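Trainee: Before I ask anything, here is the structure I am working with.
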Amino acid sequence: MQHAVIRPGESALLPCLARRAEPVVIPLLALLAGFAAFSLFLVSQGKSPVQYFSLVWLGGFGSAFSWQNTLSRTAPLLFAALCVALPARLGLVVIGGEGAIVLGGVTAGALGAALIGSGPVIALPVMAAGAMLVGGLWIGLAGGLRHYRGVNETISSLLLAYIAIALMNHLVEGPLRDPTSLNKPSTAALPPDLRVGNIPGLDVHWGLAVGVTCCVLAWMLIDRTTWGFAARIAGGNVRAAQVQGLPVGRLILGFCVLAGGFAGLAGMFEVTAVLGSANGSLVAGYGYTGILIAFLARHNPLVIIPVAILLAGFQASSGLIQRRMDLPDATVLVLQGFVFLSILMSEALYGRLKPFVPEKWRA
Amino acid sequence: MTRSTPAFSRRSFLSATTALGAAAALGLPARAQSNMTVGFIYVGPRDDFGYNQAHAEGAAAVKAMAGVTVIEEENVAETIDVQKSMESMINLDGASLIFPTSFGYFNPHILELAPKYPDIRFQHAAGLWTDGMPSNVGSYFGYIGMGQYLNGIVAGHMSATKKIGFVAAKPIPQVLLNINSFLLGARAVDPSITCQVIFTGEWSLAVKEAEATNALVDAGCDVITCHVDGPKVVMETAARRGAFICGYHADQTALAPDRYLTGAEWNWAGVYTGMVQTVLDGGMIDNFVRGGLADGFIKMSPLGSAVSDAARAQFEAAKAEILAGGFAALKGPLNDNTGKPLLGAGEALVETDIALESMDYLVEGVIGSTA
Amino acid sequence: METDLGLWSILIAIVGGAIRVSTPFLFVSLGELLTERSGRINLGLEGTLVFGAMSGYGVAYLTGSAWAGVAAASVAGAMFGVVHGVICSIPRVNDIAIGIALMLFGMGLAFFFGKRFIQPVAPYLPSIPFGWWSDIPQIRAALDVNVLFLIGLGLALVISWMLRTTRVGLILRVVGDSTDAARAMGLRPVPIRIAATAAGGALAGIGGAYLSLYYPGSWTEGISSGQGLMAVALVIFARWNPVACIWAALLFGGAGALGPALQSVGITSGYYLFYAAPYVLTLGLLIATSSPTRAMSGAPGELSITK
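As structure tokens, this is what we get:
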């Protein structure tokens, strides 16, 4: 990082603002470019981009109902994105968050079924802790294999996700199946007192509030603690970190376990707030959307919040668009593809756009 | 186990409709709607040659009705997705009657949403509505096991190896009933026939379905049917291996006309137009509706060219028996395939018996297990 | 008449299943291998594969020729490869992330344009009956081998020979092992990597066409069960050796056939766990053969996932 030489008496405000603006303006420009490319795609298909985006507005953000629709879909995405963003700070690409979500959900469902009658004050924390523990072990396993065995974490987490889903199906349709769950094999239905309800005044469950809190905590961990600082060094250069005596192994394990723990919480909220029991619907693809969100947010936990809301809004409006424009449900995937590509390509612009680089102002 | 006394008449739906006509004649208050929006939600693509296509064909019939607007959404997951899709149809498109058609939509999604929208009618396929559930929720289904029984009769005649095969998604009651019915139909022809079942574990997983079909043919099965969401892959793979096929959900004749024997199909067009008309006329649909071949809830594909005359004759005879009502595919003495007695001599479970909807066993002669 | 073969039938089923199921794995892993030998990783082959399955099926249906479908799928796949290659040539762009983006994009486009091809029936690719010598129908069926499988075997040998002895192979290896060394030799790494990624994409597209045009031989949105994603694991597994890709693909295909085969002889409980066998096996072998201290043998030096 270079810093502009500031002469005495000259205001430092403008260069400072310019530098701060760069990571905000570039992604927004990239987002617009992605929308523009997608609009061209729609035009080529004989559909109106204006109608599309006005329906996104109507279905995702245009009314109290639409906002709550969007926010209800945001909670699992926040956790899933954290599961990618935290290891990414150490330079690890974990793409198997889906597995931790699914196993966290099954753990919460099984513990909840076992704790029926003990009341929410005991049961809910135990369910949350269990879900976090199992999710954390799952992603921690990928991190540990990476550090201690040299197994690539991208591949191992993907394989572990397939294994987790098979394990979940086996448990839910075998040993943990509630015989009264007839046509949708599930664990025992949670009683009303073990169901997490809505945030007062909203039709959005508490998972959103917890998810936002976790994003803030993760940001503080990364930006405000020595652990976070050490992780950033290790992420930049493992060898340098080891030379400086940083406990790289423990850092990797710690961050991966925490990341998996967050993903496990996503599963727990799916079970207690939405599904009411653990079943095959836990495999909803949140883990994969989380990868997208984390990369779009450049692994910054605070930025994850608005990005997750944006993507949730696209998904919330997807059904309306299917009904009103006769576009297939996959249209939202195409849009996400355009936006994702555009934002990733914009990485090349950092430090190159003159208005954001005070050093180049005088040239 | 309750036997042979149906808790609900399978004609309850039709009788409800006529009762409403009577109510209207008596001048009881009935709110007639001049225009109505009806929503249909599918769990997969609506042209899958299977479960979703069968419902979409019903929706297409509703579309043709005057004064009705139909809105549809496909590939809606059994998660918060379906809750919000229903709410979006209600709040943004003004839907007043919704048909969410997948098993997993019922509990908790529909049951939890319904109290919030008491003026909206939720009609769910395959759910088991019981007293105490929201009154604006209805569940309907058809006795398609009877269709698989008729499949089994044709299969029993056409099988040279005396072994028939079933590709199944998951061991849930409706699937188990279909497997058992298929075998019992075949055993009505020849009691030595066995039926091998392979579970794929998923409702839609093309490669696994093809592998399961191959494994069945390798194991000697020469007539194959299935219960997965889209039977296209199973039908095509089995036909290519030279096996005969019996269809399910929708008519798959076009996929292999010379191997296709017959098929158990849903017949939602009449059911859906009837339900929508009831609401249009200001009436209420029963909360619990079931129907079979006689009620037009299910139908059989036309018999294929390969079907022998003997098979044809027994098929028509059994069909007539089923149409007459009170037919039982499961008759005692009958054991499950672990040897445990299910029914004693003289006992029977008729098609309308509600106990069939919580089936958790495979009858003797089925090779496979429920867990 | 079918013959009762008892437990032998499991072995025959696994062999047959390995041949039937492995072809897409073989093509997609050979494609990934070419890309990785040039120093890039393409995680987006899942999207390429699915788009190849759709476009192959669509073109085969519209033209009435399965081979035209295969050609279309390979062209479409090459285009995805070019997009990946070009975007990753922009400085500071993460190839893993671009791969994930293209996976999403490829699947999205395939599902978007594929709706009208779910119903029609396209012509199948031909197969060769290698089991003619046997009277046992199970063996005849198991040895009914698709032409693409044989092409895949040949391709693996050709790629192996190319990498070892030809000038093209040498260039690819140098570029993959060290950008600096390549530049010193007067090579331009960027166009070479783009070409390698395009070739990889074309192979993945063909793998997809096999799925939709031969086995299971149908276009549905659930046609792929992660064959494209697994390619990356299989290449590591095969230690970047094309011939080893054959064994990796066969092993993975055979393990996948285990679940249905066991059920068909009456081993019925815990089938979900049998279905997970390929993944457990791959993970186990990866763990067993990796080492934290030395770089993986055979790994191209410029590859981001092994650095």
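Chains as they are written, first to last, in the working numbering: chain L, 1 to 363; chain B, 1001 to 1371; chain G, 2001 to 2307. Every residue, glycine too, gets a C-beta built ideally from N, C-alpha and C. Computed from a prediction, not measured in an experiment: that's the story for all the values here.
1) Less than 8 Å between CB atoms is the rule here; does residue 47 of chain L satisfy it with respect to chain B?
2) For the beta strand (DSSP E) containing residue 1196 of chain B, list its first residue and its last residue.
3) Could you tell me the alpha carbon to alpha carbon distance between residue 1340 of chain B and residue 1363 of chain B, rounded to whole angstroms?
4) How big is the Cα-Cα spacing for residue 2227 of chain G and residue 72 of chain L?
5) Between the Cα of residue 180 of chain L and those of B/1355, B/1115, B/1084, spot the shortest distance and give me the residue it belongs to.
6) When burial is assigned at 16 or more other CB atoms within 10 Å of the CB, is residue 28 of chain L buried or exposed?
7) Please list the terminal residues of the continuous beta strand (DSSP E) segment that includes residue 1096 of chain B.
8) Can you give me the start and stop residues for the beta strand (DSSP E) that residue 1072 of chain B sits inside?
9) Closer than 7 Å by beta-carbon distance: list the chain G residues that pair up with residue 1196 of chain B, in chain order.
10) Counting only the same chain and skipping the five closest in sequence on each side, list residues whose C-beta sits under 6 Å from that of residue 2233 of chain G.
11) Checking the sheet assignment: what are the DSSP bridge partners for residue 1123 of chain B?
12) Can you give me the Cβ contacts of residue 1033 of chain B inside the same chain, cut-off strictly under 8 Å, excluding the 5 residues immediately before and after it?
13) Distance, Cα to Cα, residue 202 of chain L vs residue 1177 of chain B?
14) In terms of residues, what are the limits of the beta strand (DSSP E) holding residue 1164 of chain B?
15) Spell out whether any CB of chain B is found under 8 Å from the CB atom of residue 2060 of chain G.
16) Kindly list the residues whose CB is nearer than 7 Å to the CB of residue 2175 of chain G, restricted to its own chain and excluding five residues on each side of it in sequence; keep chain order.
17) Please tell me whether residue 2117 of chain G and residue 2054 of chain G are closer than 8 Å, where the distance is taken between their beta carbons.
18) If you count every other CB in all the chains shown that lies within 10 Å of the CB of residue 224 of chain L, and 16 or more means buried, which is it?
19) How far does the alpha helix (DSSP H) with residue 1178 of chain B in it reach, from first residue to last?
20) Checking 8 Å against the spacing of the C-beta atoms, do residue 1042 of chain B and residue 1249 of chain B come in under that value?
21) Just to confirm before moving on: does the CB-CB distance between residue 1218 of chain B and residue 2138 of chain G stay below 8 Å?
22) Verify the CB distance criterion: does residue 2233 of chain G have a CB-CB separation below 8 Å to chain L?
23) Since residue 1123 of chain B contacts residue 183 of chain L with CB under 8 Å, what's their CB separation in whole angstroms?
24) Please list, in chain order, the residues of the stretch 2007-2033 of chain G that have any C-beta partner in chain B closer than 8 Å.
25) So which of B/1049, B/1237, B/1251, B/1088 has the shortest CA-CA distance to residue 62 of chain L?
26) For residue 1028 of chain B, which three-state DSSP category applies?
27) Taking C-beta pairs closer than 9 Å, name the residues in chain L that residue 1115 of chain B reaches, listed in chain order.
28) For residue 1037 of chain B versus residue 1119 of chain B, is the C-beta distance shorter than 8 Å?
29) Could you list which residues in chain G have their beta carbon closer than 7 Å to that of residue 1207 of chain B, in chain order?
30) What does residue 1079 of chain B reach in chain L if we use C-beta pairs closer than 8 Å?
31) Residue 1225 of chain B by DSSP, collapsed to three states: which one?
32) List the residues of chain G that residue 1369 of chain B touches, going by C-beta distances under 7 Å, in chain order.
33) Whose Cβ in chain L lies nearer than 8 Å to the Cβ of residue 1063 of chain B?
34) Considering only residues of the same chain and omitting the five flanking positions on each side of residue 130 of chain L, which have a CB-CB separation below 7 Å?
35) Just the chain G side, please: which residues come within less than 7 Å of residue 337 of chain L by C-beta, in chain order?
36) Exposed or buried, what is residue 1083 of chain B when buried is set at 16 or more other beta-carbons lying within 10 Å of its beta-carbon?
Mentor: Taking the structure as given:
1) no
2) 1194-1199
3) 9 Å
4) 32 Å
5) B/1355
6) exposed
7) 1095-1100
8) 1068-1073
9) 2264
10) 2282
11) B/1138
12) Low confidence applies to residue 1033 of chain B: its pLDDT is 48, below 50, so where it sits in the model is not reliable enough to give any reading.
13) 43 Å
14) 1163-1168
15) no
16) 2038, 2039, 2182, 2187, 2189, 2192, 2193
17) yes
18) exposed
19) 1173-1187
20) no
21) yes
22) yes
23) Contact doesn't hold; Cβ gap of about 16 Å is too wide.
24) 2009, 2012, 2013, 2016, 2017, 2020, 2021
25) B/1088
26) In this predicted model, residue 1028 of chain B has a pLDDT of only 38, less than 50, meaning its place in the structure is not dependable; the value taken from the coordinates is given anyway. It is coil, neither helix nor strand.
27) Per Cβ cutoff of 9 Å: no residues; residue 1115 of chain B is ~13 Å from chain L at best.
28) no
29) 2021, 2216, 2225
30) 270, 274, 275, 281, 284
31) strand
32) 2268, 2269
33) Those do not exist, as residue 1063 of chain B stays about 13 Å from chain L at its closest Cβ, beyond 8 Å.
34) 107, 108, 111
35) 2101, 2104, 2105, 2108
36) buried
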